[in-house]
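Heads up: the sequence shown is residues 13 to 67, going by my numbering.
Ideal Cβ positions, reconstructed from N, Cα and C, are used throughout, including at glycine.
Some notes on the structure that comes next.
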Amino acid sequence: MKLTDYEKRNYVMKDKEDFIILSKIRELEKRKLNNKDKETVKIIRAQLKKTGDCH
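So this is what it looks like as structure tokens:
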């Protein structure tokens, strides 16, 4: 899986599992989801986001 520039800047991708999770998120986002499922995917994606205090 190739990361976009946005993903490289904004997501913590330390472990192989992080790549797997992001891949699954991408697959889900391509599907037609109801609002509840979209919110769940959004929350999962937020868990991979870098925080401002990481150096």
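Check whether M13 and L34 have beta carbons under 9 angstroms apart:
yes
Between the alpha carbons of I32 and E51, how many angstroms are there, rounded?
19 angstroms
Can you check whether the CB of K61 is closer than 9 angstroms to the CB of V24?
yes
Can you grab the Cα-Cα spacing for the pair R21 / L15, in whole Å?
10 angstroms
Using DSSP bridges, identify the partner residues of K70.
In the structure as shown, the chain begins at 13 and stops at 67. Residue 70 is therefore absent and cannot be evaluated.
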